[in-house]
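Q:
Protein chains: 2
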Amino acid sequence: HSLLWRFFFFISGCLFSLTRGRFFSPASRTASGSCGGLTGKVDRFGGVTVNLAEVGLPADVSESLFSRLLQESLSQWKAEGKVAVWLRVPISLSRCAAAASTHGFTFHHAAHDQAVLALWLGDGESRLPGFATHQIGVAGAVVDESNGKVLVVQDRNKTKNAWKFPGGLSDPGENIGATAVREVLEETGVRSEFRSLLSIRQQHNHPGAFGMSDMYIICRLRPLTYDINFCTQECLRCEWLGLAELAKTDNTTPITSRVAKLLLHGLEQGFDKIDLTMEELPAVYSGMFYQLYHRQLPPTPKS
Amino acid sequence: HSLLWRFFFFISGCLFSLTRGRFFSPASRTASGSCGGLTGKVDRFGGVTVNLAEVGLPADVSESLFSRLLQESLSQWKAEGKVAVWLRVPISLSRCAAAASTHGFTFHHAAHDQAVLALWLGDGESRLPGFATHQIGVAGAVVDESNGKVLVVQDRNKTKNAWKFPGGLSDPGENIGATAVREVLEETGVRSEFRSLLSIRQQHNHPGAFGMSDMYIICRLRPLTYDINFCTQECLRCEWLGLAELAKTDNTTPITSRVAKLLLHGLEQGFDKIDLTMEELPAVYSGMFYQLYHRQLPPTPKS
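Here is the structure:
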């Protein structure tokens, strides 16, 4: 339910024309009204979205004036049985966010030059969808199959100099494999290509994620170059280390040690034993593509 | 680098005392100054964090007054070679966010009753870490091994009534397996337990994620009860469907069909062929735990 709501919220925000259908017209009439209330767009779930950049507020509108406008509109929306109100607030009109908070609005999210506030008007607990909860960190285990060595680094900024796989946070919109290849190149100077996804770690209340959740993914990469030219800002050391040694040593993190054992097993029994392979498929609702990871299916699955 | 920065930002925000060490004292002196500038805390990366709830601003501070205060402080911080400024702005003082935007500040993130703004003062492009980029959606494939059937639903709100696995978005701080079990129970009335992780899909610019990225994870669950009592608000139909039939039918989504084939393969060859198993391990920097998913290692790994 909430997913669909997000979809409609996004549509009404980004594809204005799409919302001028049967939902919009009556809503805009009642929402704008004749008494100077705010004009909103109504979604199919009974929520109203008001973009303060579009409703013709004076640039110097005061908190008290906006508070009165909002109060009028809220009374109407409640009378109409609306279940939620979304406010898109340009940063230059931020004082309106303070005014809205006196009516119970809170921040849903904010980025760049816009904040989005929300207020639940329906019965019971809010059923409004939340915002993004996870950051994605990706590490690349670059394995040289010719000698069973893997590329590892020691972080300059960590107190304990434990061997780990090079990696870092995904940029917005960046695919998992692309992050692994980019971070390995930036930290070690080694060029590589994505082979598979090996391991996923989920961690909550993460200090490194502003208290949000962290998803840490380790990929298997194949080296395209072998000469190390590591980033001295980030790394203290960088080496091609034998997998057997990395699997044994105490001078590493638990997850690195675990993945070293996994890679050693793959080296001996075949990486198909440990890999999740990736395939790119078209998304249903758009021309966009998504990447799907799972265990490889046999060429002709028995079915 | 950015990850560490986030760590320090979090620490300085949540564990104030930790920041009163050698970084804080000189910074607070220079940052507060004698001319009524703002008092900030300096992190090890040369960034300053100012919490407007803690610097004793008058509740009715005007945008113009705050703008002057900020201008003075910015001049000092630039002179001191600070590379970034973080502003924590309570929603009631939102007008200060508008004032800050005239000095180049933008929203980094916002939630509940606080917004966090940031400004990069260093050379070149901003190296400030971003905020959470992904929402996590989880579906549960509940497989009855006794008859090779799986629990599927048809969404009431989708136009095309395709069979899919019950699922939904993770709540903040909720583990992947817990989301799958909860959503299956809420949508179908069937109780189940987590067995493994089967598939991961990554999708960007997702309409259902307010334009952010979406990670959709399918888990394999074992049924604990079998009677269906599905949520008529969310679902149009709910059935135990044969995996072979689900793998064949066109009346489903590409990813559901793919996972049906995967499950059929697992049913015939053993689920160990398709599973990523989960283990809970202690985090290094705290008493917290994280969940790690990867292919099962043989009882005694050759190493």
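Residue numbers (the working numbering), protein chains in the order written: chain Y, 17 to 319; chain S, 17 to 319. Glycine included, every Cβ here is placed at the ideal spot set by N, Cα and C. Predicted model, so just to flag it, every value in this text is computed and none were measured.
#1: Quick one: which chain Y residues come within Cβ less than 7 Å of S:Ala113?
#2: Nearest to S:Ala134 by alpha carbon, out of S:Lys174, S:Asp160 and S:Ser142?
#3: Could one say the Cβ of Y:Asp266 lies closer than 8 Å to chain S's Cβ atoms, at least one of them?
#4: From Y:Asn173 to Y:Glu70, what does the alpha carbon distance come to, in whole angstroms?
#5: Can you look up Y:Val169 in the DSSP assignment and give me helix, strand or coil?
#6: On a CA-only basis, which of Y:Glu79, Y:Glu255, Y:Leu81 and Y:Val101 is nearest Y:Arg60? Give me that one, please.
#7: Taking the DSSP output, what are the residues bridged to S:Asp322?
#8: So, at 6 Å on beta carbons, what are the nonlocal neighbours of S:Ile192 in its own chain, with the 5 sequence-adjacent residues on each side left out?
#9: So if I threshold CB-CB distances at 9 Å, which residues from the stretch 205-226 of chain S count as touching chain Y?
#10: I believe Y:Phe82 touches Y:Ala126 by the beta-carbon criterion, under 8 Å. Please report the beta-carbon distance rounded to the nearest angstrom.
#11: Spatial neighbours of Y:Ile271 within its chain, please: C-beta separation below 8 Å, excluding the five flanking residues on both sides.
#12: Rounded to whole angstroms, what is the Cα-Cα separation between S:Gly189 and Y:Gly227?
#13: Which same chain residues, not among the five before or five after S:Cys51, have their C-beta less than 7 Å away from its C-beta?
#14: For Y:Pro145, count the other beta carbons within 10 Å of its own beta carbon; 16 or more makes it buried, fewer makes it exposed. Which is it?
#15: Within 8 Å of any Cβ in chain S, is that where the Cβ of Y:Val300 sits?
#16: Just list the residues that DSSP pairs Y:Met228 with in beta bridges.
#17: Determine the direct distance from the alpha carbon of Y:Glu202 to that of Y:Gly184, and round the result to whole angstroms.
#18: Below 8 Å, can you find three or more Cβ-Cβ pairs linking the stretch 252-270 of chain Y to the stretch 239-256 of chain S?
#19: Run the CB neighbour count on Y:Ser186, radius 10 Å, all protein chains shown included, and call it buried at 16 or more, exposed below.
#20: Below 8 Å on the Cβ atoms is my guess for S:Phe246 versus S:Val168; work out the distance and round it to an integer in Å.
#21: Go through its chain and collect everything with a Cβ distance to Y:Asn5's Cβ below 8 Å, but skip five positions before and after it.
#22: Hey, S:Val66 and S:Arg104 are a contact pair by Cβ (cut 8 Å); roughly how many whole angstroms apart?
#23: With distances taken from CA atoms, which of Y:Ala157, Y:Pro315, Y:Gly120 and Y:Gly164 is nearest Y:Val275?
#24: Could you work out which residue in Y:Ile290, Y:Asp230 and Y:Val99 is closest to S:Ala299 when comparing CA atoms only?
#25: Please classify S:Thr55 as buried or exposed, where buried requires at least 16 neighbouring CB atoms within 10 angstroms.
#26: Does any CB atom of chain S fall closer than 8 Å to the CB of Y:Ala69?
#27: Cβ atoms of S:Leu297 and Y:Leu340: under 8 Å apart, would you say?
#28: Find the nearest neighbour of Y:Val206 within the set Y:Val159, Y:Gln92 and Y:Asn221, judged by alpha-carbon distance.
#29: Using a Cβ-Cβ cutoff of 9 Å, what residues of the stretch 122-154 of chain Y are near chain S? List them in chain order.
#30: For the stretch 179-197 of chain S, enumerate the residues whose C-beta is nearer than 9 Å to any C-beta of chain A, in chain order.
#31: Beta-carbon of Y:Lys57 versus every beta-carbon of chain S: anything under 8 Å?
#32: DSSP three-state call for Y:Gln218: helix, strand or coil?
#33: Step through the CB atoms of chain Y and report whether any lies within less than 8 Å of the CB of S:Thr269.
#34: Do you know whose CA, among S:Ser108, S:Cys112 and S:Ser302, lies nearest S:Arg84's CA?
#35: Between which two residues does the alpha helix (DSSP H) harbouring Y:Arg111 extend?
#36: Just how far apart, CA to CA, sit Y:Ile107 and S:Ala131?
A: Reading it off the structure:
#1: Ile107 and Ser110
#2: Distances from the CA of S:Ala134 to each of S:Lys174, S:Asp160 and S:Ser142 were compared; the closest alpha carbon is that of S:Ser142.
#3: no
#4: So the two alpha carbons sit approximately 47 Å from each other.
#5: Secondary structure of Y:Val169 (DSSP, three-state): strand.
#6: Y:Val101
#7: The shown model of chain S, from 17 to 319, leaves out residue 322 of chain S, and the question about it has no answer.
#8: Val154 and Ile233
#9: Here the close residues are Leu213, Leu214, Ser215, Ile216, Arg217, Gln218, Gln219, His220, Asn221, His222, Pro223, Gly224, Ala225 and Phe226.
#10: Contact doesn't hold; Cβ gap of about 18 Å is too wide.
#11: Same-chain partners within the cutoff: Ser215, Arg217, Tyr232 and Ile234.
#12: 10 Å
#13: For S:Cys51, the predicted model reports a pLDDT of 43, less than 50, meaning its position is unreliable; a value from the coordinates is still stated below. Counting only Cβ-Cβ distances below 7 Å, and skipping sequence neighbours, we find Glu88.
#14: buried
#15: yes
#16: According to DSSP, Y:Met228 bridges with nothing at all.
#17: 10 Å
#18: no
#19: buried
#20: That pair is no contact at about 11 Å.
#21: Beyond the ends of chain Y as shown, which are 17 and 319, falls residue 5 of chain Y; an answer cannot be given.
#22: 7 Å
#23: For Y:Val275, the nearest C-alpha among the options comes from Y:Ala157.
#24: Y:Asp230
#25: buried
#26: For Y:Ala69, the answer is no, since every Cβ of chain S falls outside 8 Å of its Cβ.
#27: The requested residue 340 of chain Y does not occur in the structure, where chain Y is confined to residues 17 to 319.
#28: Y:Val159
#29: Residues of the stretch 122-154 of chain Y with a C-beta atom less than 9 Å from some C-beta of chain S are Thr122, Phe123, His124, His125, Ala126, Ala127, His128, Asp129, Gln130, Ala131, Val132, Leu133, Pro145, Gly146, Phe147, Ala148, Thr149, His150, Gln151, Ile152 and Gly153, listed in chain order.
#30: Note that chain A does not occur in the displayed structure, where the protein chains are Y and S.
#31: no
#32: strand
#33: With its beta carbon less than 8 Å from one in chain Y, S:Thr269 belongs to the interface.
#34: It is S:Cys112 whose Cα lies nearest to the Cα of S:Arg84.
#35: Looking at the DSSP string, the run of the alpha helix (DSSP H) that includes Y:Arg111 is Arg111 to Ser117.
#36: Counting only the Cα atoms, S:Ala131 lies some 11 Å from Y:Ile107.
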